[in-house]
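Here the structure is laid out as structure tokens; the discussion comes afterwards.
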Amino acid sequence: MARHPKYSEFPLNPDDPFRSAWGLRLKYGKDDQLGFMNCLTDEVVHEAAKEIETGTRISLNWPMDAQGDIPFFGRQVFHKNIYSKPPRIVNDETWTFNTQGSSQWDGRHFAYQKESKFYNGVTMDDICTTDCYGNGPTPLKHLQAVAESQGVEFEFGDILIIRSGYVATYTNLDRSELESLSKDNFSVVASDQPSFEFWPSQQPHMLHEVMLAGWGCPIGELFNLEASAEQCKKINRYSFFVASELFSPLIIPAIF
């Protein structure tokens with residue numbers, strides 16, 4: 001399996017930001033959006049599935065209200081309201097929360113601060129801000145462009161279906177540790193800390209800059225790792241299978 005270049009070789013393009021891996025677009029494609037997650041190939045997932053030996057499932061989610069009334073970094077407090085609907089025996093719920101208020105994946109929201117660029121050189125102006133819940137029209141040229149990009153050819157009698165989209169170990173990493181994160185070809189990283197790196201940062205470049213904007217490597221934060229640590233100790237095995245969608249808040253189990 002092809003490995004990434006050495007950490008010392010980043011950036012591959014001297015005009016790119018500090019230690020960024022944007023040059024890997026030559027390997028993954030100039031419009032790549034996955035970054036280091038390209039390492040999660042079918043073969044890698046197949047091999048990782050061998051970690052499932054007993055079927056034991058342990059949640060890595062921290063409770064949504066675990067931070068109480070004083071969330072980290074001044075973020076919004078979690079609110080949950082339950083409404084009964086008499087005479088029916090039915091309850092509805094509304095949740096109001098910041099997606100980074102509990103266990104989370106940091107993805108592409110953090111840019112290189114000096115260059116104002118996200119992963120692979122994307123700028124704030126490049127990010128689409130279309131309201132998927134709005135009532136604006138979908139131009140025909142957009143549908144035609146989507147069909148062309150997907151290799152779809154419309155045939156007589158086809159049914160057109162349009163998806164609109166409605167529906168604390170790594171603190172204060174030094175250079176050698178950051179180099180290790182790159183060398184080991186991780187697809188994503190995670191910890192049980194509110195920030196993956198020491199905060200406030202005492203380094204000229206934050207891990208969020210290099211890993212998110214430079215490498216396209218998502219960062220999991222505030223994972224609840226206590227029960228999984230006990231299970232690892234119990235069975236004397238410190239690797240396990242993780243299943244997750246890359247969104248926040250997390251619904252993510254560790255499977256042993």
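Positions 1 to 256 (the working numbering) are the ones given, in order, by the sequence shown. Using N, Cα and C, we set each Cβ at its ideal position, and we do this for glycine too.
Inset, instruction - May I have a chain-ordered list of the alpha helix (DSSP H) segments no shorter than 4 residues that lie completely inside the segment 3-78? - result: 25-28 and 42-48
Inset, instruction - Determine contact between the segment 110-121 and the segment 29-42, defined as no fewer than three beta-carbon pairs at a distance below 8 Å. - result: yes
Inset, instruction - Below 7 Å CB to CB, which residues in the same chain sit around A49 once its five sequence neighbours on both sides are set aside? - result: Within the sequence shown, the letter at position 49 stands for residue 49. Answer for A49: F241, listed in chain order.
Legend entry - Spatially closest choice to E93 from G101, T99, S84 and Q100, by CA coordinates: Residue 93 sits at position 93 when you count from the first residue of the sequence shown. Closest by alpha carbon: S84.
Legend entry - Sheet register partners of N236 (DSSP bridge): The count along the sequence shown starts at 1 and reaches residue 236 at position 236. Beta-bridge pairing links N236 to no other residue.
Legend entry - Under 9 Å between C-beta atoms of E51 and F256: The residue you call residue 51 lines up with position 51 of the sequence shown. The residue you call residue 256 lines up with position 256 of the sequence shown. Yes.
Legend entry - Nearest-angstrom Cβ-Cβ length linking W22 and P14, presumed shorter than 8 Å: For this step, residue 22 is matched to residue 22 along the sequence shown. For this step, residue 14 is matched to residue 14 along the sequence shown. At roughly 11 Å, the Cβ-Cβ gap does not stay under 8 Å, so W22 and P14 are not in contact.
Inset, instruction - With a threshold of 16 other CB atoms inside 10 Å of the CB of Y166, please say whether the residue is buried or exposed. - result: The sequence position of residue 166 within the sequence shown is 166, counting from 1. Note on Y166: pLDDT 44, under 50, position unreliable in the model; the coordinate value appears next. When all chains shown are included, Y166 counts as exposed.
Legend entry - Which of helix, strand or coil DSSP assigns to E230: Taking the first residue of the sequence shown as 1, we reach residue 230 at position 230. Of the three classes helix, strand and coil, the one that applies to E230 here is helix, per DSSP.
Legend entry - Beta-carbon proximity check, H4 vs L24, cutoff 9 Å: The residue labelled residue 4 in the question sits at position 4 within the sequence shown. The residue labelled residue 24 in the question sits at position 24 within the sequence shown. Going by C-beta atoms, H4 is nearer than 9 Å to L24.
Inset, instruction - Find out if the Cβ-Cβ distance for the pair F18, V210 is shorter than 9 Å. - result: Taking the sequence shown and counting its residues from 1, one reaches residue 18 at position 18. Taking the sequence shown and counting its residues from 1, one reaches residue 210 at position 210. Yes; because the gap between Cβ atoms is below 9 Å, this pair is in contact.
Inset, instruction - Check each candidate in V44, M64 and Y238 and name the one with the smallest Cα separation from Q104. - result: Start at 1 with the first residue of the sequence shown, and residue 104 comes out as number 104. The shortest C-alpha separation from Q104 is found at M64.
Legend entry - E226 CB to nearest heavy atom of the ligand ATP below 8 Å: Among the components modelled here there is no ligand, and therefore nothing to report on the ligand ATP.
Legend entry - Start-to-end residues for the beta strand (DSSP E) that takes in N91: Residue mapping note: residue 91 aligns to position 91 of the sequence shown, counting from 1. Element bounds for N91: N91 to T96.
Legend entry - Selection from Q193, M206 and L40 that minimises the alpha carbon distance to E226: The residue you call residue 226 lines up with position 226 of the sequence shown. Comparing Cα-Cα distances from E226 to each of Q193, M206 and L40, the minimum goes to Q193.
Inset, instruction - Measure the CB-CB distance between G214 and R108 and report whether it falls below 9 Å. - result: On the sequence shown, residue 214 is found 214 positions in, with the first residue counted as 1. On the sequence shown, residue 108 is found 108 positions in, with the first residue counted as 1. No, the pair does not count as a contact, with Cβ atoms beyond the cut-off.
Inset, instruction - Indicate whether S201 and Y112 have their beta-carbon atoms separated by less than 9 Å. - result: For the purposes of this step, residue 201 is identified with residue 201 of the sequence shown, where counting begins at 1. For the purposes of this step, residue 112 is identified with residue 112 of the sequence shown, where counting begins at 1. The answer is no: Cβ separation not under 9 Å.
Inset, instruction - Could you tell me which residues DSSP puts in a beta bridge with F152? - result: The count along the sequence shown starts at 1 and reaches residue 152 at position 152. The sequence given here has Val at residue 152, not Phe. For V152, which the question treats as bridged, DSSP gives no partner whatsoever.
Inset, instruction - Could you round the C-beta distance between E221 and S244 to whole angstroms and report it? I think they count as a contact, below 8 Å. - result: Within the sequence shown, residue 221 is the residue found at index 221, counting from 1. Within the sequence shown, residue 244 is the residue found at index 244, counting from 1. Contact flag wrong, Cβ pair sits at about 13 Å.
Legend entry - Beta-carbon contacts of G101 that lie in its chain and below 6 Å, excluding the five residues immediately before and after: Indexing the sequence shown from 1 puts residue 101 at position 101. Result list for G101: P71, R75 and F78, in chain order.
Inset, instruction - State the Cα-Cα distance for the pair K233 and M124, rounded to the nearest angstrom. - result: By one-based count along the sequence shown, residue 233 stands at place 233. By one-based count along the sequence shown, residue 124 stands at place 124. So the alpha carbons of these two residues sit roughly 45 Å apart.
Legend entry - Inter-residue Cα distance where the pair is D16 and G68: If you number the sequence shown from 1, residue 16 lands on position 16. If you number the sequence shown from 1, residue 68 lands on position 68. Rounded to the nearest angstrom, the two C-alpha atoms are 41 Å apart.
Inset, instruction - Count the other CB atoms, across all protein chains shown, that sit within 10 Å of the CB of S228; report buried if there are 16 or more and exposed otherwise. - result: Walking along the sequence shown from the start, residue 228 turns up at place 228. By the 10 Å Cβ count, S228 comes out buried.
Legend entry - I127, enclosing beta strand (DSSP E) - first and last residue: As a working note, residue 127 is residue 127 in the sequence shown. Element bounds for I127: n/a, residue is neither H nor E.
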